[in-house]
Amino acid sequence: MSGPLWHGRLSSGSADELMRFTESIGFDVRLAYDDLAGSMGHVKMLRHVGILDEQEATTILQALGAVHDEMQLGAFVFQPSDEDIHTAIERRVTELAGPVGGKLHTGRSRNDQCVTALRLWCKREFRSLAVALLELAETFSVAAGRAGVSESGLVIPAYTHVQRAQPVLLAHHLLAHSWALLRDVERLQDALRRVDVSPLGAGATAGSSLPLDPDFSARELGFAARFENSMDAVSDRDFVAELLFVLALIGTHLSRIGEEWVLWTSTEFGFATLDDRYATGSSMLPQKKNADIAELTRGKSGRLIGNLTGLLATLKGLPLSYNRDLQEDKEPLFDSFDQVSLAIAAVSGMVQTATFDAVRLSAAANDEFLYATDVAEWLVSRGTPFREAHSIVGELVRNALGGGRSFVDLVGADSRLGADAVAVIRRGVANRTSPGGGGPQAVAVQIQRFATKVNQLRGLLT
Ligand code: ARG
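So the sequence shown is numbered by our numbering: it starts at 782 and just counts up by one.
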């Protein structure tokens, strides 16, 4: 009989429209090796509990191995009736192993099978993604090192409200992104703990009357634990939602970075220049050099957020336990995973090869008003209450903006301030001494602490 493997109860073949609409092989083919691994674990468990004898288990395992080879060689032939990767593999195993292949699915349903494969896939792929993300976080700290962490390092205005606020080392600004990305690595790691649970043995929803040993298959597949409740096991997609959230947040972080690089590489800011390999031209405007990686990183974050909200919307109305709606888990997950992987690599190359414009940066960082707070704090160190200092300096700023004299001149001429306060302005970014702040000593400490944290995380990931 041709037609899907689940044909038993149905008298007629399936309508083409049904097959076209319900198939998932177009995307879950990506789970082929994980499905094979899951099936091997299942067969070993069936052997362990005596449901299969040695001969039967060996024959099925050999067929699974042969399918694995066919997949690797690109020689696996899909049939129109293969509605998903799970049925395709089972069909082929039965062709190769003969009737004993029909024992592979004993005590198993695609409901526990498909989510077992998906969890295996997530464990492997998201670990690699976490490593790539850790490397991107390091790329920013390497760029920070290049920008300089001493007094002679490049200085940039730190902005609030997109208004120049206070000068900091450029390294400090770059490292700010490193820390955000490091938190994403930690989030991935944390989410992976909840991925690491085997649903195999839950069956369709209620377990089995056969003497299955889900602990055995969990161990066999390298999961940290087995499911606790079979109904939860087949309907739980929290792990997919969590991973989609982490991907959306990574995308959000990359989007904020992208927005900054669009600004920094504009003629107006001119803080950074992209390497030509990481910039694009315009089809019409000959003079253009565009930051398309930065823009698309920003643009794609919308899609990543959409994938997360789409899955949550799919899940929210589902009664227990398995429902076919759950098949909608994979496309958003694969899409977000792919887009974030591509973005990480592209942003990494863009940042590694970009150069900073020391002249434009120092022109911005030498804006004398950036030192207004330091002057006020100098007054504070002399015993003036901060509110009063704020108003004294604020008045000088107002006068400087309104009249012909510079802020520095006015500070020098003011009896409450004078030469010592001007010296504060001249000291530049070195004024910023507090731990975690943007001055040279604090940033030197910060970069050390960052390296320690990276090493810890790398140890946990390998
Ligand atoms: N292809 C489905 C999925 O990816 C599994 C199919 C389970 N279908 C079913 N009718 N039990 O989720």
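Where a beta carbon is used, it is the ideal one built from N, C-alpha and C, also for glycine.
- Inside the region 928-985, DSSP marks whole alpha helix (DSSP H) runs of 4 or more residues at positions 951-976, from first to last along the chain.
- If you compare the alpha carbons of 1061, 1116 and 910 with that of residue 1083, the shortest gap goes to 1116.
- Of the heavy atoms belonging to the ligand ARG, at least one sits nearer than 7 Å to the Cβ of residue 1107.
- Residue 1137 is bridged by DSSP to 1053.
- With a cut-off of 7 Å, the C-beta of residue 1104 is classified as distant from the ligand ARG, since no heavy atom of the ligand falls inside that distance.
- Counting the other Cβ atoms within 10 Å of the Cβ of residue 855 gives fewer than 16, which makes it exposed.
- The continuous stretches of alpha helix (DSSP H) do not include residue 1065, and DSSP gives it neither H nor E.
- Residue environment for residue 796: exposed (fewer than 16 other C-beta atoms within 10 angstroms of its C-beta).
- Ranked by how close their Cα comes to the Cα of residue 1172, the residues 1186, 804, 1153 and 1183 have 1153 in first place.
- Taking C-beta atoms as the reference points, residue 1198 and residue 1118 fail to come closer than 8 Å.
- Between residue 903 and residue 897, the alpha-carbon positions lie close to 10 Å from each other.
- For residue 903, the distance from the CB to the nearest heavy atom of the ligand ARG is not below 7 Å.
- Taking 7 Å as the cut-off, one finds no heavy atom of the ligand ARG near enough to the beta carbon of residue 1147.
- C-alpha of residue 815 to C-alpha of residue 868: approximately 14 Å in a straight line.
- In this structure, residue 965 has its CB at a distance of at least 7 Å from all heavy atoms of the ligand ARG.
- Contact check between the region 859-878 and the region 840-851: three or more CB pairs, one atom from each, fall below 8 Å, which counts as touching.
- For residue 1152, there is no enclosing alpha helix (DSSP H), as DSSP marks it with neither H nor E.
- Counting the other CB atoms within 10 Å of its CB gives residue 942 a total below 16, which places it among the exposed residues.
- A Cβ-Cβ separation of about 12 Å leaves residue 1018 out of contact with residue 1101 under the 8 Å criterion.
- Residue environment: residue 791 is assigned as exposed (fewer than 16 neighbouring CB atoms within 10 Å of its CB, all protein chains considered).
- Between the alpha carbons of residue 1162 and residue 1207 lies a gap of roughly 17 Å.
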